[in-house]
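Colleague:
Numbering (the numbering used here), first residue to last: 47 to 437.
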(Lines of atoms letter the chains of each structure in order from A and count residues from 1; the text may use other names and numbers.)
(Lines give C-alpha, C1' and ligand atoms only; values in the text may rest on other atoms or scores of the structure.)
Protein backbone atom coordinates (compact mmCIF):
# COMPACT_ATOMS: atom_id res chain seq x y z
CA UNK A 1 0.00 0.00 0.00
CA UNK A 2 1.46 3.37 -1.01
CA UNK A 3 1.94 6.27 1.40
CA UNK A 4 -1.00 8.24 -0.04
CA UNK A 5 -3.49 5.46 0.76
CA UNK A 6 -1.95 4.91 4.17
CA UNK A 7 -2.28 8.61 4.96
CA UNK A 8 -5.92 8.73 3.79
CA UNK A 9 -6.82 5.70 5.92
CA UNK A 10 -5.07 7.18 8.96
CA UNK A 11 -6.87 10.52 8.50
CA UNK A 12 -10.21 8.75 8.23
CA UNK A 13 -9.49 6.77 11.39
CA UNK A 14 -8.62 9.96 13.30
CA UNK A 15 -11.82 11.66 12.13
CA UNK A 16 -14.02 8.81 13.32
CA UNK A 17 -12.18 8.67 16.65
CA UNK A 18 -12.90 12.37 17.19
CA UNK A 19 -16.58 11.86 16.41
CA UNK A 20 -16.85 8.89 18.78
CA UNK A 21 -14.82 10.33 21.66
CA UNK A 22 -16.43 10.47 25.09
CA UNK A 23 -18.37 13.70 25.57
CA UNK A 24 -20.70 15.21 28.14
CA UNK A 25 -23.80 15.91 26.09
CA UNK A 26 -26.32 18.62 26.78
CA UNK A 27 -29.98 17.71 26.19
CA UNK A 28 -30.64 17.70 22.43
CA UNK A 29 -33.75 19.25 20.90
CA UNK A 30 -33.78 16.97 17.84
CA UNK A 31 -32.83 13.39 16.93
CA UNK A 32 -29.26 12.53 16.00
CA UNK A 33 -30.28 11.30 12.54
CA UNK A 34 -30.84 14.61 10.72
CA UNK A 35 -30.37 13.82 7.02
CA UNK A 36 -33.34 15.10 5.02
CA UNK A 37 -32.29 15.38 1.38
CA UNK A 38 -29.90 12.67 0.23
CA UNK A 39 -28.61 12.53 -3.35
CA UNK A 40 -27.20 9.35 -4.85
CA UNK A 41 -24.65 9.76 -7.62
CA UNK A 42 -22.90 7.32 -9.92
CA UNK A 43 -19.26 8.16 -10.53
CA UNK A 44 -17.54 7.28 -13.79
CA UNK A 45 -14.28 6.15 -12.18
CA UNK A 46 -15.07 5.32 -8.55
CA UNK A 47 -17.21 2.20 -8.05
CA UNK A 48 -18.16 0.24 -4.95
CA UNK A 49 -18.17 -3.49 -4.22
CA UNK A 50 -19.84 -5.17 -1.25
CA UNK A 51 -17.38 -8.11 -0.99
CA UNK A 52 -14.42 -5.75 -1.19
CA UNK A 53 -11.84 -8.36 -0.23
CA UNK A 54 -12.63 -10.75 -3.07
CA UNK A 55 -9.73 -9.45 -5.15
CA UNK A 56 -7.33 -10.01 -2.26
CA UNK A 57 -8.64 -13.56 -1.86
CA UNK A 58 -7.94 -14.31 -5.51
CA UNK A 59 -4.49 -12.76 -5.22
CA UNK A 60 -3.82 -15.08 -2.29
CA UNK A 61 -5.02 -18.07 -4.32
CA UNK A 62 -2.58 -17.13 -7.07
CA UNK A 63 0.40 -16.39 -4.82
CA UNK A 64 0.03 -19.60 -2.80
CA UNK A 65 -0.09 -21.66 -5.98
CA UNK A 66 -3.67 -22.85 -5.43
CA UNK A 67 -4.82 -21.93 -8.95
CA UNK A 68 -1.98 -23.84 -10.60
CA UNK A 69 -2.33 -26.80 -8.23
CA UNK A 70 -6.02 -27.25 -9.09
CA UNK A 71 -5.41 -27.03 -12.85
CA UNK A 72 -2.42 -29.36 -12.64
CA UNK A 73 -4.16 -32.14 -10.69
CA UNK A 74 -7.88 -31.90 -11.46
CA UNK A 75 -8.92 -32.86 -15.00
CA UNK A 76 -12.67 -32.82 -15.63
CA UNK A 77 -12.91 -30.78 -18.84
CA UNK A 78 -11.89 -32.01 -22.28
CA UNK A 79 -11.46 -28.45 -23.53
CA UNK A 80 -11.11 -25.14 -21.76
CA UNK A 81 -13.64 -23.10 -23.72
CA UNK A 82 -13.38 -20.72 -21.98
CA UNK A 83 -13.07 -21.91 -18.37
CA UNK A 84 -10.44 -23.99 -16.59
CA UNK A 85 -11.09 -26.27 -13.61
CA UNK A 86 -9.70 -23.64 -11.24
CA UNK A 87 -12.17 -21.08 -12.63
CA UNK A 88 -15.10 -23.31 -11.72
CA UNK A 89 -13.81 -24.27 -8.27
CA UNK A 90 -12.91 -20.72 -7.28
CA UNK A 91 -16.13 -19.37 -8.79
CA UNK A 92 -18.17 -21.46 -6.35
CA UNK A 93 -15.86 -20.63 -3.43
CA UNK A 94 -15.95 -16.89 -4.15
CA UNK A 95 -19.74 -17.01 -4.40
CA UNK A 96 -19.89 -18.33 -0.82
CA UNK A 97 -17.34 -15.77 0.38
CA UNK A 98 -19.47 -13.03 -1.19
CA UNK A 99 -22.58 -14.04 0.75
CA UNK A 100 -24.08 -16.50 -1.74
CA UNK A 101 -25.89 -19.55 -0.41
CA UNK A 102 -26.49 -21.62 -3.55
CA UNK A 103 -25.43 -21.89 -7.18
CA UNK A 104 -28.31 -19.68 -8.29
CA UNK A 105 -26.64 -16.76 -6.50
CA UNK A 106 -23.90 -16.91 -9.13
CA UNK A 107 -26.29 -15.03 -11.40
CA UNK A 108 -25.95 -12.01 -9.11
CA UNK A 109 -22.16 -12.25 -9.22
CA UNK A 110 -21.89 -12.57 -12.99
CA UNK A 111 -24.09 -9.51 -13.52
CA UNK A 112 -21.96 -7.37 -11.19
CA UNK A 113 -19.47 -5.51 -13.38
CA UNK A 114 -17.36 -4.38 -10.44
CA UNK A 115 -17.17 -7.95 -9.12
CA UNK A 116 -15.95 -9.20 -12.50
CA UNK A 117 -13.36 -6.43 -12.71
CA UNK A 118 -12.12 -7.22 -9.19
CA UNK A 119 -11.35 -10.77 -10.37
CA UNK A 120 -9.97 -9.62 -13.72
CA UNK A 121 -12.55 -11.82 -15.47
CA UNK A 122 -14.51 -11.01 -18.61
CA UNK A 123 -17.19 -13.43 -17.44
CA UNK A 124 -17.74 -16.21 -14.89
CA UNK A 125 -19.72 -19.47 -15.15
CA UNK A 126 -23.48 -19.14 -14.75
CA UNK A 127 -25.46 -21.40 -12.37
CA UNK A 128 -26.27 -23.96 -15.08
CA UNK A 129 -22.64 -24.26 -16.18
CA UNK A 130 -21.49 -24.50 -12.56
CA UNK A 131 -24.03 -27.26 -11.92
CA UNK A 132 -22.81 -29.20 -14.95
CA UNK A 133 -19.25 -28.93 -13.63
CA UNK A 134 -20.28 -30.27 -10.22
CA UNK A 135 -22.00 -33.27 -11.82
CA UNK A 136 -18.74 -34.26 -13.51
CA UNK A 137 -17.18 -35.13 -10.14
CA UNK A 138 -16.72 -38.74 -9.09
CA UNK A 139 -15.57 -39.74 -5.61
CA UNK A 140 -11.92 -39.94 -6.65
CA UNK A 141 -12.13 -36.49 -8.27
CA UNK A 142 -13.16 -35.04 -4.91
CA UNK A 143 -10.16 -36.79 -3.34
CA UNK A 144 -7.87 -35.29 -6.00
CA UNK A 145 -9.22 -31.81 -5.33
CA UNK A 146 -8.74 -32.19 -1.56
CA UNK A 147 -5.18 -33.41 -2.06
CA UNK A 148 -4.43 -30.46 -4.33
CA UNK A 149 -5.72 -28.00 -1.75
CA UNK A 150 -3.87 -29.73 1.09
CA UNK A 151 -0.58 -29.68 -0.83
CA UNK A 152 -0.88 -25.90 -1.02
CA UNK A 153 -2.03 -25.78 2.61
CA UNK A 154 1.21 -27.40 3.77
CA UNK A 155 3.26 -24.69 2.06
CA UNK A 156 1.16 -22.02 3.77
CA UNK A 157 1.63 -23.70 7.17
CA UNK A 158 5.39 -23.70 6.69
CA UNK A 159 5.34 -19.90 6.78
CA UNK A 160 4.06 -19.96 10.38
CA UNK A 161 6.30 -19.37 13.45
CA UNK A 162 7.97 -22.26 15.27
CA UNK A 163 5.38 -22.46 18.08
CA UNK A 164 2.65 -23.18 15.52
CA UNK A 165 4.10 -26.66 15.00
CA UNK A 166 4.09 -27.81 18.65
CA UNK A 167 0.88 -29.83 18.40
CA UNK A 168 -1.64 -30.50 15.64
CA UNK A 169 -5.11 -31.13 17.09
CA UNK A 170 -7.21 -33.09 14.61
CA UNK A 171 -10.97 -33.33 15.13
CA UNK A 172 -13.34 -35.84 13.60
CA UNK A 173 -17.07 -35.26 13.53
CA UNK A 174 -20.21 -35.96 11.56
CA UNK A 175 -22.88 -33.38 10.84
CA UNK A 176 -26.42 -33.79 9.56
CA UNK A 177 -27.36 -31.79 6.47
CA UNK A 178 -31.08 -31.79 5.75
CA UNK A 179 -32.67 -31.31 2.35
CA UNK A 180 -36.22 -30.45 1.32
CA UNK A 181 -35.82 -32.15 -2.06
CA UNK A 182 -37.29 -35.53 -2.91
CA UNK A 183 -35.07 -36.48 -5.87
CA UNK A 184 -31.62 -35.94 -4.34
CA UNK A 185 -29.31 -38.85 -5.09
CA UNK A 186 -27.83 -40.40 -1.95
CA UNK A 187 -30.25 -38.80 0.50
CA UNK A 188 -31.61 -40.96 3.29
CA UNK A 189 -33.42 -40.81 6.61
CA UNK A 190 -31.14 -39.89 9.54
CA UNK A 191 -31.46 -41.12 13.12
CA UNK A 192 -33.12 -37.80 13.96
CA UNK A 193 -35.89 -38.43 11.46
CA UNK A 194 -34.82 -35.89 8.83
CA UNK A 195 -33.98 -36.53 5.20
CA UNK A 196 -30.55 -35.54 3.97
CA UNK A 197 -26.87 -36.36 4.24
CA UNK A 198 -24.37 -37.14 6.98
CA UNK A 199 -20.94 -35.86 5.85
CA UNK A 200 -17.76 -36.69 7.75
CA UNK A 201 -15.46 -33.77 8.52
CA UNK A 202 -11.82 -34.06 9.59
CA UNK A 203 -10.46 -30.66 10.60
CA UNK A 204 -7.43 -29.00 12.18
CA UNK A 205 -8.68 -27.44 15.42
CA UNK A 206 -5.66 -25.10 15.63
CA UNK A 207 -6.95 -23.06 12.69
CA UNK A 208 -10.49 -24.46 12.20
CA UNK A 209 -9.50 -25.65 8.73
CA UNK A 210 -11.44 -28.57 7.22
CA UNK A 211 -8.79 -30.97 5.93
CA UNK A 212 -11.02 -33.72 4.55
CA UNK A 213 -14.73 -34.03 3.86
CA UNK A 214 -16.60 -37.14 2.83
CA UNK A 215 -20.28 -36.94 1.93
CA UNK A 216 -22.44 -39.87 3.04
CA UNK A 217 -26.10 -40.80 3.09
CA UNK A 218 -28.11 -39.55 6.02
CA UNK A 219 -28.43 -43.00 7.62
CA UNK A 220 -24.68 -43.71 7.87
CA UNK A 221 -22.96 -43.82 11.30
CA UNK A 222 -20.79 -40.86 12.29
CA UNK A 223 -17.51 -42.78 12.41
CA UNK A 224 -17.81 -44.57 9.06
CA UNK A 225 -14.62 -44.03 7.06
CA UNK A 226 -13.01 -41.93 9.78
CA UNK A 227 -9.94 -44.16 10.25
CA UNK A 228 -8.61 -43.60 6.74
CA UNK A 229 -9.08 -39.84 6.91
CA UNK A 230 -7.51 -39.67 10.37
CA UNK A 231 -4.46 -41.43 8.92
CA UNK A 232 -4.32 -39.03 5.98
CA UNK A 233 -4.55 -36.06 8.34
CA UNK A 234 -1.73 -37.47 10.49
CA UNK A 235 0.47 -37.83 7.43
CA UNK A 236 -0.40 -34.32 6.24
CA UNK A 237 0.46 -32.71 9.59
CA UNK A 238 3.73 -34.63 9.91
CA UNK A 239 4.64 -33.66 6.37
CA UNK A 240 4.12 -30.03 7.39
CA UNK A 241 6.50 -30.44 10.35
CA UNK A 242 4.21 -30.69 13.39
CA UNK A 243 6.08 -32.15 16.36
CA UNK A 244 3.04 -33.87 17.81
CA UNK A 245 -0.44 -34.94 16.71
CA UNK A 246 -3.54 -35.25 18.89
CA UNK A 247 -6.69 -36.97 17.60
CA UNK A 248 -10.06 -36.05 19.10
CA UNK A 249 -13.56 -37.36 18.67
CA UNK A 250 -16.76 -38.14 20.53
CA UNK A 251 -17.94 -41.60 21.55
CA UNK A 252 -18.77 -42.58 17.96
CA UNK A 253 -15.16 -42.02 16.90
CA UNK A 254 -13.37 -44.28 19.40
CA UNK A 255 -11.48 -46.43 16.90
CA UNK A 256 -10.67 -49.35 19.23
CA UNK A 257 -9.03 -51.43 16.51
CA UNK A 258 -6.65 -48.56 15.71
CA UNK A 259 -5.63 -47.34 19.18
CA UNK A 260 -2.60 -49.63 19.55
CA UNK A 261 -1.35 -48.73 16.08
CA UNK A 262 -1.70 -44.99 16.67
CA UNK A 263 0.00 -45.31 20.04
CA UNK A 264 2.93 -47.16 18.44
CA UNK A 265 3.22 -44.33 15.91
CA UNK A 266 3.52 -41.74 18.68
CA UNK A 267 0.12 -40.23 17.99
CA UNK A 268 -1.79 -38.94 21.02
CA UNK A 269 -5.55 -39.32 21.19
CA UNK A 270 -8.53 -38.57 23.37
CA UNK A 271 -11.91 -40.05 22.51
CA UNK A 272 -15.19 -40.28 24.32
CA UNK A 273 -16.28 -43.74 25.46
CA UNK A 274 -19.86 -44.90 25.95
CA UNK A 275 -20.91 -45.33 29.58
CA UNK A 276 -21.07 -49.12 29.32
CA UNK A 277 -22.28 -51.10 32.37
CA UNK A 278 -18.82 -52.53 33.15
CA UNK A 279 -17.27 -49.05 33.17
CA UNK A 280 -20.06 -47.60 35.30
CA UNK A 281 -19.64 -50.48 37.77
CA UNK A 282 -15.88 -49.85 37.97
CA UNK A 283 -16.48 -46.14 38.57
CA UNK A 284 -19.02 -46.91 41.31
CA UNK A 285 -16.47 -49.11 43.10
CA UNK A 286 -13.71 -46.50 43.13
CA UNK A 287 -12.82 -45.33 46.67
CA UNK A 288 -13.69 -41.80 47.73
CA UNK A 289 -10.00 -40.92 47.78
CA UNK A 290 -9.83 -41.54 44.01
CA UNK A 291 -12.20 -38.66 43.29
CA UNK A 292 -11.22 -35.00 43.25
CA UNK A 293 -13.06 -31.87 42.33
CA UNK A 294 -12.89 -31.02 38.63
CA UNK A 295 -11.65 -27.50 38.11
CA UNK A 296 -12.62 -26.31 34.67
CA UNK A 297 -10.73 -23.32 33.22
CA UNK A 298 -12.67 -20.12 32.59
CA UNK A 299 -14.16 -19.84 29.12
CA UNK A 300 -12.56 -16.42 28.70
CA UNK A 301 -10.42 -13.94 30.61
CA UNK A 302 -12.10 -10.84 32.03
CA UNK A 303 -9.95 -7.91 30.94
CA UNK A 304 -11.99 -5.03 32.42
CA UNK A 305 -14.53 -5.41 35.23
CA UNK A 306 -16.55 -8.60 35.79
CA UNK A 307 -20.20 -7.99 34.97
CA UNK A 308 -23.07 -8.97 37.19
CA UNK A 309 -24.74 -12.12 35.96
CA UNK A 310 -28.13 -11.24 34.42
CA UNK A 311 -31.37 -12.75 35.69
CA UNK A 312 -32.02 -16.12 34.05
CA UNK A 313 -35.54 -15.63 32.69
CA UNK A 314 -35.71 -19.14 31.28
CA UNK A 315 -34.84 -20.63 34.68
CA UNK A 316 -37.55 -18.53 36.34
CA UNK A 317 -40.23 -19.75 33.93
CA UNK A 318 -39.16 -23.39 34.36
CA UNK A 319 -39.54 -23.06 38.14
CA UNK A 320 -42.81 -21.11 38.05
CA UNK A 321 -44.48 -23.63 35.75
CA UNK A 322 -42.94 -26.57 37.59
CA UNK A 323 -41.27 -28.13 34.59
CA UNK A 324 -38.84 -30.93 35.31
CA UNK A 325 -35.37 -29.43 35.47
CA UNK A 326 -31.92 -31.04 35.78
CA UNK A 327 -29.32 -28.91 37.58
CA UNK A 328 -25.60 -29.58 37.86
CA UNK A 329 -24.45 -29.44 41.48
CA UNK A 330 -20.80 -30.49 41.21
CA UNK A 331 -18.27 -32.42 39.14
CA UNK A 332 -15.58 -34.85 40.26
CA UNK A 333 -12.93 -36.61 38.23
CA UNK A 334 -11.07 -39.89 38.66
CA UNK A 335 -9.12 -42.24 36.44
CA UNK A 336 -8.13 -45.88 36.09
CA UNK A 337 -6.47 -48.16 33.55
CA UNK A 338 -8.63 -49.84 30.95
CA UNK A 339 -7.94 -52.32 28.15
CA UNK A 340 -10.55 -51.80 25.40
CA UNK A 341 -11.70 -54.59 23.14
CA UNK A 342 -9.31 -55.27 20.23
CA UNK A 343 -6.44 -53.66 22.19
CA UNK A 344 -3.45 -55.38 23.78
CA UNK A 345 -2.39 -52.66 26.20
CA UNK A 346 -4.06 -50.59 28.88
CA UNK A 347 -4.87 -46.93 28.41
CA UNK A 348 -5.77 -44.12 30.75
CA UNK A 349 -9.51 -43.82 31.22
CA UNK A 350 -10.63 -40.53 32.75
CA UNK A 351 -14.12 -40.50 34.20
CA UNK A 352 -16.13 -37.39 35.05
CA UNK A 353 -18.88 -37.81 37.62
CA UNK A 354 -21.64 -35.24 37.42
CA UNK A 355 -23.76 -34.80 40.53
CA UNK A 356 -27.18 -33.72 39.35
CA UNK A 357 -30.43 -32.83 41.05
CA UNK A 358 -33.75 -33.41 39.31
CA UNK A 359 -36.14 -30.66 40.36
CA UNK A 360 -39.74 -29.71 39.76
CA UNK A 361 -40.52 -26.15 40.70
CA UNK A 362 -38.84 -25.49 44.05
CA UNK A 363 -38.91 -29.16 45.03
CA UNK A 364 -35.95 -31.52 44.56
CA UNK A 365 -37.33 -34.86 43.34
CA UNK A 366 -34.13 -36.89 43.57
CA UNK A 367 -30.38 -36.76 43.06
CA UNK A 368 -28.72 -38.39 40.07
CA UNK A 369 -25.18 -39.44 39.16
CA UNK A 370 -23.99 -39.61 35.57
CA UNK A 371 -20.61 -40.75 34.30
CA UNK A 372 -18.73 -39.58 31.23
CA UNK A 373 -15.67 -41.52 30.09
CA UNK A 374 -12.67 -40.43 27.99
CA UNK A 375 -9.84 -42.69 26.82
CA UNK A 376 -6.36 -41.34 26.14
CA UNK A 377 -2.75 -42.44 25.87
CA UNK A 378 -1.54 -39.15 27.38
CA UNK A 379 -0.43 -39.98 30.92
CA UNK A 380 1.46 -36.75 31.58
CA UNK A 381 -1.28 -34.12 31.37
CA UNK A 382 -3.58 -33.46 34.31
CA UNK A 383 -7.19 -34.55 33.98
CA UNK A 384 -8.48 -30.97 33.78
CA UNK A 385 -5.88 -30.05 31.14
CA UNK A 386 -6.66 -33.17 29.17
CA UNK A 387 -10.41 -32.57 29.29
CA UNK A 388 -9.86 -29.07 27.93
CA UNK A 389 -8.69 -30.85 24.75
CA UNK A 390 -11.83 -32.92 24.41
CA UNK A 391 -14.64 -32.06 22.03
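Where is the CB? At the ideal position from N, CA and C, for every residue including glycine. Just so we're clear, the structure is a prediction, and the values are computed from it rather than from any experiment.
Kindly provide the ranges of any beta strand (DSSP E) runs that are 3 or more residues long and lie completely inside the segment 344 to 390, ordered along the chain.
Modeller: 370 to 384
Colleague: Ignoring anything shorter than 3 residues, give me the beta strand (DSSP E) runs that lie fully in the segment 215 to 278, in order along the chain.
Modeller: 241 to 243, 246 to 250, 255 to 260
Colleague: Quick check: the segment 130 to 147 against the segment 66 to 74, are at least 3 beta-carbon pairs closer than 8 Å?
Modeller: no
Colleague: Which residue marks the beginning of the alpha helix (DSSP H) containing residue 330, and which one marks its end?
Modeller: 323 to 330
Colleague: Under the rule that 16 or more other beta-carbon atoms within 10 Å means buried, what is residue 394, buried or exposed?
Modeller: buried
Colleague: Measure from the alpha carbon of residue 377 to the alpha carbon of each residue in 94, 295, 430, 279, then state which is nearest.
Modeller: 430
Colleague: The beta strand (DSSP E) with residue 401 in it runs from where to where?
Modeller: Per DSSP, residue 401 is one residue of the beta strand (DSSP E) stretching across 393 to 406.
Colleague: Throw me the rounded Cβ distance for the residue 288 and residue 213 pair, which I believe falls under 8 Å.
Modeller: 7 Å
Colleague: Taking the straight line between their C-alpha atoms, what separation do you get for residue 286 and residue 200?
Modeller: 5 Å
Colleague: Along the chain, where does the alpha helix (DSSP H) containing residue 195 start, and where does it finish?
Modeller: 185 to 203
Colleague: Under 8 Å by Cβ, that's how I've got residue 389 and residue 306 pegged, so tell me the actual separation to the nearest angstrom.
Modeller: In this structure residue 389 touches residue 306 by the C-beta definition: roughly 5 Å separates them, less than 8 Å.
Colleague: Buried or exposed: residue 304, going by 16 or more other Cβ atoms within 10 Å of its Cβ?
Modeller: buried
Colleague: Relative to the alpha-carbon of residue 170, which residue among 308, 154, 76 has its alpha-carbon at the smallest distance?
Modeller: 154
Colleague: Is the beta carbon of residue 197 closer than 8 Å to that of residue 248?
Modeller: In this structure, residue 197 does not lie closer than 8 Å to residue 248 by Cβ.
Colleague: Let me know if residue 51 comes out buried or exposed under the rule of 16 or more other beta-carbons within 10 Å of its beta-carbon.
Modeller: exposed
Colleague: Using the Cα positions of residue 172 and residue 150, report the straight-line distance between them to the nearest angstrom.
Modeller: The straight-line gap separating the alpha-carbon atoms of residue 172 and residue 150 is approximately 8 Å.
Colleague: Provide the residue span of the beta strand (DSSP E) that contains residue 315, from first to last.
Modeller: Here the beta strand (DSSP E) through residue 315 covers 314 to 319.
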